[in-house]
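For the protein sequence lines, the chains are A and B, in the order given. Numbering of the first sequence is given in our numbering, commencing with residue 1 and proceeding in unit increments. Numbering of the second sequence is given in our numbering, commencing with residue 1 and proceeding in unit increments. Where a beta carbon is used, it is the ideal one built from N, C-alpha and C, also for glycine. Single-structure report; data block below.
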Amino acid sequence: MRTQYLFDRQTVLVLSILAAAAILVPAMNGLVPPGSALHLSDHLVPLLGKYVCLALLALSVDLIWGFCGILSLGHGAFFALGGYAMGMYLMRQIGPRGAYADPILPDFMVFLNWKELPWFWHGFDWFPFAALMVLLVPGALALVFGWFAFRSRVTGVYFSIITQAMTFALMLAFFRNDMGLGGNNGLTDFKEVLGFPVQAGSTRVVLFVLSVLVLAGGYLLCRWVVGSTFGKVLVAVRDAESRTRFLGYRVEHYKLAVFTLSAMLAGVAGALYVPQVGIINPSEFAPANSIEVVIWVAVGGRGTLAGAILGALLVNAGKTWFTAALPEFWLFALGGLFVFVTLFMPRGILGAAGDLWERSSRRLRTRRSPQPFTQAAE
Amino acid sequence: MTAPVTPTLLYLENVTVSFDGFRALNALSLVIDHAEMRAIIGPNGAGKTTMMDVITGKTQPNEGTALFEGTHDLTALDETAIAELGIGRKFQTPTVFEMHTVEDNLLLALKNKRGPLATLFSRQANQERERIDALLERVRLTAQRHRRAGELSHGQKQWLEIGMLLAQEPKLLLIDEPAAGMTDQETADTADLLRDIAKSKAVIVVEHDMTFVRDLGVKVTCLHEGSVLAEGSLDAVSANERVVEVYLGR
């Protein structure tokens with residue numbers, strides 16, 4: 001089949017680029033001597049790692065928006081929850097090296113005069129538990145939230161609005177000191193991850209490579225999901241939800257399954273993000289963040305998976321450049337980009353490129369054999 | 001499960017649906033037998049589509065009984081559960097999955113396990129392939145197999161949707177205006193196809209095209225203002241004074 005063939009090409013391309021990044025970035029950072037034009041300086045490695053994590057977040061949004069038509073404007077919340085789970089692990093690793101040198105309590109708790117660790121902090125000193133929570137906390141929230149929303153058949157813009165409300169509510173909650181998660185300042189001052197110093201160049205290179213590998217894994221997982229019959233049902237729900245119901249599919253179960261999976265992917269992205277940027281605070285829950293993710297996906301090409309990765313990388317690279325060169329214009333540029341893409345490239349960069357490719361290949365094919373396309377419809 | 005209340009396949013009694021005081025169905029009663037084909041006619045707003053909505057669980061009636069196979073209370077079930085019982089529906093405007101290929105449209109409709117886990121790990125079996133081949137042949141879309149459903153002509157979409165209905169292997173098919181927008185030849189072919197289907201399954205066809213209804217050659221029910229106005233052979237119904245007055249015109 002033609003589409004299947006295209007998918008395979010795309011997968012090979014995405015994986016090759018990611019493999020190249022996983023090899024070139026450490027090599028250019030570690031092997032190429034500083035001063036050479038090809039040298040990648042130390043501060044760029046975590047920056048690139050951050051982009052890769054955001055690409056994974058974009059991928060999770062594309063899985064539900066591009067393939068099932070669920071426009072979540074609150075996916076930043078799942079990302080942040082994954083990040084907080086990782087942050088809690090990193091806080092516990094600080095041990096007595098904090099400013100107040102309390103062997104157990106993180107600095108902000110000592111500062112607040114707390115005497116013992118809140119119950120939900122227990123277990124986070126053990127990495128496997130924290131890693132499990134990175135998946136379970138966003139997953140459980142998505143499961144509960146989605147169960148209520150999809151069961152009541154909340155769709156379209158109404159769903160988008162309540163996801164905004166969800167992330168906003170979480171932001172307000174996490175800002176409170178009583179939450180026991182660092183309030184306004186969030187979690188920061190990390191020292192070690194699995195025994196390796198977080199600030200060290202080598203740790204950052206490893207974290208980058210790990211992020212790339214996880215992104216590749218996430219991409220393959222999504223590709224497998226959308227390529228299965230399950231994925232075909234998702235697209236059916238996206239395009240004709242009530243038809244799918246009348247065929248006997250429990251639409252709400254499908255939405256819930258894919259929404260939960262997507263939230264877990266977002267959580268993993270957040271968990272990889274935190275050690276590389278060195279901080280997690282409630283501003284990650286800001287509603288605007290979640291909207292920005294949707295823009296990345298729209299720019300790259302909704303419903304293509306690879307487009308989500310491309311869009312996240314391009315827009316974030318643009319953001320880094322813009323906020324350094326012309327900081328006051330960045331939001332205008334982002335808004336303008338979204339308007340431009342919506343009006344002139346409704347299927348994003350990959351969609352536009354795919355159209356071009358298809359048109360040229362179709363012209364080639366019809367030149368070779370003119371008959372099969374003429375007996376078409378009408 | 002209790003013993004069947006009625007031996008008929010579909011049993012509607014005194015079904016009433018009101019929307020803001022407007023009675024879309026007004027004490028409608030209708031009985032369909034196993035492997036019976038019935039044509040429903042009636043003016044716009046007579047309640048034909050609302051009746052289908054009640055049977056398929058899209059609309060809850062305010063009053064009345066709706067039983068399938070004598071035991072299943074349709075008013076207590078939702079669309080999915082009713083589809084699983086074996087009631088398939090074709091919409092007035094053809095509704096197919098436009099971004100999927102013709103083959104995938106049929107694949108999704110095939111009678112199979114419908115749960116998320118089952119579909120996630122399913123592999124296409126030879127048996128399914130043969131089923132799809134046979135269905136494609138039956139609705140004459142074999143040549144279009146790999147095309148996107150959105151690229152099909154209107155008539156082909158109508159047929160694809162009928163094919164999807166058949167793939168579900170339902171016991172009762174509800175078909176809303178299958179001949180709308182079709183050429184004369186396509187209309188005649190559709191009538192043939194439906195007659196053939198009705199040999200083994202119950203079929204309810206809603207249609208405005210009287211030539212088509214005549215082609216079907218089955219018992220006709222005329223609805224008006226949400227209840228049955230006349231029932232019988234097409235000739236008998238068309239001779240009915242009231243039917244002529246409200247629907248056929250003089």
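Item: Beta-carbon neighbours of B/H100, restricted to chain A and to distances below 9 Å; Value: K232, V235, A236, D239
Item: Whole-angstrom distance between B/I87 and B/V206, CA atom to CA atom; Value: 15 Å
Item: Any C-beta of chain B under 8 Å from that of A/R243; Value: yes
Item: Inter-stretch contact (C-beta, 8 Å, three-pair minimum) for the stretch 284 to 304 of chain A and the stretch 58 to 72 of chain A; Value: yes
Item: Reference A/G201; option with closest CA among A/T320, A/L40, A/S36, A/I94; Value: A/L40
Item: Simplified DSSP assignment, three categories, for A/R189; Value: Note on identity: in this sequence residue 189 of chain A is Asp, with Arg being the wrong assignment. Note: A/D189 maps to coil in three-state DSSP.
Item: Chain A within 8 Å of B/R195, Cβ atoms only; Value: no
Item: Pick from A/V144, A/G95, A/V137 that is closest to A/V110, judged by C-alpha positions; Value: A/G95
Item: Proximal chain A residues relative to B/T95, where beta-carbon distance stays under 9 Å; Value: A240, S242, R243, F246
Item: Chain A residues whose Cβ lies nearer than 8 Å to that of B/Q168; Value: L247, G248
Item: First through last residue of the beta strand (DSSP E) which encompasses B/N26; Value: 22 to 32
Item: Limits of the alpha helix (DSSP H) - the one that A/Y273 falls within; Value: 251 to 277
Item: Neighbour-count burial assignment, A/T163, 16 or more Cβ in a 10 Å radius; Value: buried
Item: 7 Å CB neighbourhood of B/L248 in its chain, flanking five on each side removed; Value: S238
Item: Any 3 or more C-beta pairs closer than 8 Å across the stretch 22 to 40 of chain B and the stretch 148 to 158 of chain B; Value: no
Item: Span separating the alpha-carbon of B/D189 from that of B/M210; Value: 15 Å
Item: Any chain B beta carbon closer than 8 Å to A/T229; Value: yes
Item: DSSP beta-bridge partners of B/R148; Value: B/T101
Item: Inter-residue Cα distance where the pair is A/F196 and A/G335; Value: 40 Å
Item: Rounded distance between the beta-carbons of A/G49 and A/S211, thought under 8 Å; Value: 5 Å
Item: Neighbour-count burial assignment, A/S152, 16 or more Cβ in a 10 Å radius; Value: exposed
Item: B/A251 - partner residues in DSSP beta bridges; Value: Residue numbering for chain B in the displayed model covers 1 to 250; residue 251 of chain B lies beyond these limits and cannot be assessed.
Item: Assigned exposure category for B/E251 - 16 Cβ within 10 Å defines buried; Value: Residue coverage of chain B in this structure runs from 1 to 250, which leaves residue 251 of chain B outside it and unanswerable.
Item: Strand pairing of B/E63, partner residues [DSSP]; Value: B/T16
Item: The stretch 334 to 351 of chain A contacting the stretch 15 to 22 of chain B, beta-carbon criterion three pairs below 8 Å; Value: no
Item: Cutoff 8 Å; reference B/N14; Cβ partners in own chain excluding five residues on either side; Value: A27, L28, S29, E63, G64, T65
Item: Reduced DSSP category for A/T12 - H, G, I as helix; E, B as strand; rest coil; Value: Note that residue 12 of chain A corresponds to Val in the displayed sequence, not to Thr. In the structure shown, A/V12 sits in a helix (DSSP, three-state: H, G or I).
Item: C-alpha gap between A/D8 and B/L152, whole angstroms; Value: 26 Å
Item: Chain B contact residues for A/A257, given Cβ-Cβ distances below 9 Å; Value: P116, L117, L120
Item: Within-8 Å CB hit, A/H253 to chain B; Value: yes
Item: Cβ of B/D215 within 8 Å of any chain A Cβ; Value: no
Item: Spatial distance of A/V205 from A/A27 (CA atoms); Value: 10 Å
Item: Touch test, the stretch 107 to 121 of chain B against the stretch 232 to 248 of chain A, Cβ-Cβ under 8 Å, three pairs minimum; Value: yes
Item: Sheet register partners of B/H72 (DSSP bridge); Value: B/F68
Item: Residues near A/T3 in its chain [Cβ-Cβ closer than 7 Å; skip 5 each side]; Value: Here A/T3 scores only 46 on pLDDT, less than 50, and its place in the model is too uncertain to base an answer on.
Item: Secondary structure of A/G66, DSSP reduced to three states; Value: helix
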